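Comments concern the structure below.
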Amino acid sequence: MPTAEGQAASTGSEASAAYGEGSIQILEGLEAVRKRPGMYIGDTSDGTGLHHLVFEVVDNSIDEALAGHCDDIVVTIHTDNSISVTDNGRGIPTGVKMDDKHEPKRSASEIALTELHAGGKFNQNSYKVSGGLHGVGVSCVNALSVWLRLTVRREGKVHFIEFKRGVTQDRVIEMRDGVETSPMKIIGDTEKRGTEVHFLPDDTIFSNIDFHYDVLAKRLRELSFLNNGVKIRLVDERNAKEDNFAFAGGVKGFVGFINTGKKTLHPNIFHAMGDKMSDQGTNIGVEVAMQWNDGYAENVLCFTNNIPQRDGGTHLTGLRAAMTRVINKYIDDNEIAKKAKVEIAGDDMREGLACVVSVKVPEPKFSSQTKDKLVSSEVRGPVEDIVSKLLTDWLLENPIDAKIICSKIVDAARAREAARKAREMTRRKGVLDGLGLPGKLADCQEKDPAQCEIYIVEGDSAGGSAKQGRDRKFQAILPLRGKILNVERARYERLLSSDSIVTLITALGTGIGAEDFNPDKLRYHRIIIMTDADVDGAHIRTLLLTFFYRQMPVLVERGHIYIAQPPLYKVKLGKHEEYLKDGLALDAFLLKVALDGASVWPDGTGVASGNGRPAIEGSALEVLARRYLVANAVSDRLSNWMDVDAVRAISSGLTLNLDTLEAAEASATALQAKLKDAMVSAEFDARSDKHLLRISRRHHGNVKSSVITADFVHGADYAALADAGLAFLDLLGPEAVVRRGEGEKMKEQKVADFRAAMAWLMGQAEGAVGRQRYKGLGEMNPEQLWETTMDPTVRRLLKVQIDDAIEADRVFTMLMGDEVEPRRDFIEANALRAANIDA
Numbered sequence: 005m006p007t008a009e010g011q012a013a014s015t016g017s018e019a020s021a022a023y024g025e026g027s028i029q030i031l032e033g034l035e036a037v038r039k040r041p042g043m044y045i046g047d048t049s050d051g052t053g054l055h056h057l058v059f060e061v062v063d064n065s066i067d068e069a070l071a072g073h074c075d076d077i078v079v080t081i082h083t084d085n086s087i088s089v090t091d092n093g094r095g096i097p098t099g100v101k102m103d104d105k106h107e108p109k110r111s112a113s114e115i116a117l118t119e120l121h122a123g124g125k126f127n128q129n130s131y132k133v134s135g136g137l138h139g140v141g142v143s144c145v146n147a148l149s150v151w152l153r154l155t156v157r158r159e160g161k162v163h164f165i166e167f168k169r170g171v172t173q174d175r176v177i178e179m180r181d182g183v184e185t186s187p188m189k190i191i192g193d194t195e196k197r198g199t200e201v202h203f204l205p206d207d208t209i210f211s212n213i214d215f216h217y218d219v220l221a222k223r224l225r226e227l228s229f230l231n232n233g234v235k236i237r238l239v240d241e242r243n244a245k246e247d248n249f250a251f252a253g254g255v256k257g258f259v260g261f262i263n264t265g266k267k268t269l270h271p272n273i274f275h276a277m278g279d280k281m282s283d284q285g286t287n288i289g290v291e292v293a294m295q296w297n298d299g300y301a302e303n304v305l306c307f308t309n310n311i312p313q314r315d316g317g318t319h320l321t322g323l324r325a326a327m328t329r330v331i332n333k334y335i336d337d338n339e340i341a342k343k344a345k346v347e348i349a350g351d352d353m354r355e356g357l358a359c360v361v362s363v364k365v366p367e368p369k370f371s372s373q374t375k376d377k378l379v380s381s382e383v384r385g386p387v388e389d390i391v392s393k394l395l396t397d398w399l400l401e402n403p404i405d406a407k408i409i410c411s412k413i414v415d416a417a418r419a420r421e422a423a424r425k426a427r428e429m430t431r432r433k434g435v436l437d438g439l440g441l442p443g444k445l446a447d448c449q450e451k452d453p454a455q456c457e458i459y460i461v462e463g464d465s466a467g468g469s470a471k472q473g474r475d476r477k478f479q480a481i482l483p484l485r486g487k488i489l490n491v492e493r494a495r496y497e498r499l500l501s502s503d504s505i506v507t508l509i510t511a512l513g514t515g516i517g518a519e520d521f522n523p524d525k526l527r528y529h530r531i532i533i534m535t536d537a538d539v540d541g542a543h544i545r546t547l548l549l550t551f552f553y554r555q556m557p558v559l560v561e562r563g564h565i566y567i568a569q570p571p572l573y574k575v576k577l578g579k580h581e582e583y584l585k586d587g588l589a590l591d592a593f594l595l596k597v598a599l600d601g602a603s604v605w606p607d608g609t610g611v612a613s614g615n616g617r618p619a620i621e622g623s624a625l626e627v628l629a630r631r632y633l634v635a636n637a638v639s640d641r642l643s644n645w646m647d648v649d650a651v652r653a654i655s656s657g658l659t660l661n662l663d664t665l666e667a668a669e670a671s672a673t674a675l676q677a678k679l680k681d682a683m684v685s686a687e688f689d690a691r692s693d694k695h696l697l698r699i700s701r702r703h704h705g706n707v708k709s710s711v712i713t714a715d716f717v718h719g720a721d722y723a724a725l726a727d728a729g730l731a732f733l734d735l736l737g738p739e740a741v742v743r744r745g746e747g748e749k750m751k752e753q754k755v756a757d758f759r760a761a762m763a764w765l766m767g768q769a770e771g772a773v774g775r776q777r778y779k780g781l782g783e784m785n786p787e788q789l790w791e792t793t794m795d796p797t798v799r800r801l802l803k804v805q806i807d808d809a810i811e812a813d814r815v816f817t818m819l820m821g822d823e824v825e826p827r828r829d830f831i832e833a834n835a836l837r838a839a840n841i842d843a
């Protein structure tokens, strides 16, 4: 794993054979990173900077892979939220740099982790191509971590060094030729090679150090596709979740993945790959893959040296120029447009297109430090030339696919013309010009869009309450009748025939369509979707989200879309009233009431006379109660797919171990003793290469089986059950009682175990608390709606953002598209996990 900064890539040409301490060049120190971390790794409060730390380390391993020295990378999220990245590359150079300006002379590894711009990527002989122009690499990760532990396996030895907030720990001093040196510690011998970086982000710098699995998975999936042959594994020890990203096929496989769940129009994916010297004398590596589907959205992903550019750039310009020229020529040569009596535009060719373009460029130039747009002028020519030649050949070699694609383009051209006519018609009527706002819109008084917000509400009933309860100075209300059009299945001209869609577009003021949409004309910078807390409300919310994601994605990207969180419950205890968001909040409230004045006496109340253990009450009882409720929730969920009695046995203190065959067989015997009516056997699962327990029961003549896997035993659910089992084992004696209240109002109940004690306490709380469940917003009066959902000082809003665009596209296609089978598979796979759907 190299030590240089940022993300780099290689055209696949050989790296220098001598990758040692001489390859590490030092440019400047590390002092500023902790003072201004946002300058180096992004926002430290919204999670982008936190995850960027991981990507910086992974990028170094990818560089080794591109140079041909690494093919296996493992990223692990540990239970303490630390991260380790392990590869099988050459290992960071460990030798002492005798030209180091510091005393004592340090190892190349220490320099790479403590100097801001130190690494092999500044040496053209170590890595031919690098994208990390603004990156700061592992040194930045080191500076922003509570601790970082570097283990290097190189030349038969295991080298180790530890840092705390960037400062080297337990330095070793040796004299070499009269000069003080500080080599890395050698802690053992090894036949392996590679680098492991293990670090814990500093919670005094980052607002939250909780890593999001999906964010890491998205980037690692991309890297696996873009670097063919590299196996990347992501392991989350917090919940035993794991993914293996070992995608074959490069960007061709990437396009196939993007089109998963979509109906593709042609089986053969166009793939172009090659190197070409630019006019400036720079060798540019190009790889492009394309496939059309029956959808209407264009999905083109651009990468430079593995770095994504969401705004495209010169590589995208070259691709589009080549596509337009080649496909237009093919259509003209075959008189396709002439026969169809349509004129073809560039946008028609990109409808339903899934495409990935990846280029490898030495010293690329970007429009900003975020690298969202490539501006290197020398890239366009090679991309255009390579795609033009190979796409021309591909169309001639695949005439059936070419005919299908051209038919799709002709249909798009016809739809564009129909949309133009529909748009002109609506313009003549003055519908979309913003001069006449919808009659149902209750607009606000404020004219500054940044200060304005619009609530999109479900129906006239909720709209009436919202209009009366709002602050009319800055809050506008737009009631929509019924369910809006599912735009996932509709072309542009059909959108304009929908009254609800037109009303929404007009109220927002942005226009619609590639030609007319202008996000800078948005009249409200907070668009708040407020629907009922039932299935219909969830459906309407999903339809609105589909509309914004497919037709106005810029509004999502800019953070303008929110979801209101109206309370589901109103509770009353005596004269006290409180609104609660959902079932979890209700459970927390009931627990608080249940534990008020409660005590559990393990050996009965005779302890007051000096007999038995003292009462469990106050904070000690609260800790046990919360632990019980967590375990109980886990138990209820697991019982949907795991043997109920087995779950109960684990939560009662049974310990399982599936690490070896002997341990698994012993666990099977122990579990068998708890399950009288079932057969328990230990098996080896060849697919996971791990042991499992199989529990079989005969029911009405049929054998029903469930399994307990090694991953489950090592996961968070098992830990919660086992923890509860140990905590409650022998906690209460045979004379145990539970009390609640004081004086004459005190109640007492004898209980067999802690489960019975909690059931009695929660029952007492439920009897004392009055509750009202709101199914619809119309059930609230205007004052209640303001107090709970619209008052900016107390309301809860969910901001809609897209962390993984590919996954978002897949989910919208699966749930809202025409294909029934993927949707059915999803429902069948997740039905048992669903609970409280109508909530």
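Count along the sequence shown from 1, then add 4; that gives the number in this note's numbering.
All C-beta atoms, glycine included, are put in the ideal place defined by N, C-alpha and C.
All values reported here derive from a predicted model rather than from experimental measurement.
- If you draw a straight line from the Cα of residue 588 to the Cα of residue 747, it comes to about 32 angstroms.
- The three-state reading of DSSP puts residue 108 in coil, since its state is none of H, G, I, E or B.
- Here residue 249 is not near residue 230, since their CB atoms are 7 angstroms or more apart.
- DSSP lists 357 as the bridge partner or partners of residue 296.
- Check the Cα spacing between residue 479 and each of 449, 489, 494 and 48: the tightest is with 449.
- Of 401, 371, 424 and 551, the smallest CA-CA separation from residue 460 is found for 551.
- Looking from the CA of residue 456, the closest CA among 464, 477, 471 and 446 belongs to 477.
- The beta carbon of residue 737 sits closer than 6 angstroms to the beta carbons of 606 and 607 from its chain, once the five residues preceding and following it are set aside; these are given in chain order.
- When rounded, the separation of the alpha-carbon atoms in residue 531 and residue 316 is 28 angstroms.
- One Cα belongs to residue 243, the other to residue 658, and the distance between them is close to 20 angstroms.
- In this structure, DSSP gives residue 796 a state outside helix and strand, which the three-state scheme calls coil.
- A distance of 7 angstroms or more separates the beta carbons of residue 87 and residue 270.
- Residue environment: residue 534 is assigned as buried (16 or more neighbouring CB atoms within 10 Å of its CB, all protein chains considered).
- Just so you know, the alpha carbons of residue 321 and residue 522 end up roughly 22 angstroms apart.
- For residue 448, the secondary structure class from DSSP, reduced to helix, strand or coil, is coil.
- It is roughly 13 angstroms from the alpha-carbon of residue 596 to the alpha-carbon of residue 584.
- Here the C-alpha atom of residue 507 lies approximately 26 angstroms from the C-alpha atom of residue 812.
- Within a 10 Å sphere around the beta-carbon of residue 688 sit fewer than 16 other beta-carbons, which makes this residue exposed.
- Taken through DSSP and simplified to helix, strand or coil, residue 213 comes out as coil.
- By alpha-carbon distance to residue 603, the top candidate from 622, 593 and 617 is 622.
- Taken through DSSP and simplified to helix, strand or coil, residue 605 comes out as strand.
- In this structure, the alpha-carbon of residue 98 lies about 11 angstroms from that of residue 186.
- Within the same chain, and ignoring the five residues on either side of residue 161 in sequence, the residues whose Cβ sits closer than 6 angstroms to its Cβ are 190.
- Residue pairing by DSSP puts residue 741 in a beta bridge opposite 605 and 754.
- The region 385-403 makes contact with the region 327-336, as at least three CB pairs between them are under 8 angstroms.
- Residue 293 is positioned such that its CB atom lies closer than 7 angstroms to that of residue 255.
- Counting of Cβ neighbours within 10 angstroms places residue 179 among the exposed residues, the total staying below 16.
- Every beta strand (DSSP E) stretch that sits fully inside the region 502-555 and reaches 3 residues is listed by chain position as 530-534.
- Exposure of residue 524 is indicated by the presence of fewer than 16 other C-beta atoms within 10 angstroms of its C-beta.
- Per the C-alpha coordinates, the member of 682, 722 and 635 positioned closest to residue 661 is 722.
- The beta strand (DSSP E) runs lying completely inside the region 141-186 and spanning 3 residues or more are 149-158, 161-168, 178-180 and 183-186, given in chain order.
- As a beta-bridge residue in DSSP terms, residue 303 pairs with 358.
- Taking a contact to require three or more Cβ pairs closer than 8 angstroms, the region 337-356 and the region 283-290 do not qualify as touching.
- Closest option to residue 609, judged by alpha-carbon separation, among 104, 620 and 527: 620.
- Counting along the chain, the unbroken beta strand (DSSP E) around residue 240 starts and ends at 235-240.
- Here residue 340 carries a helix assignment [DSSP, helix/strand/coil].
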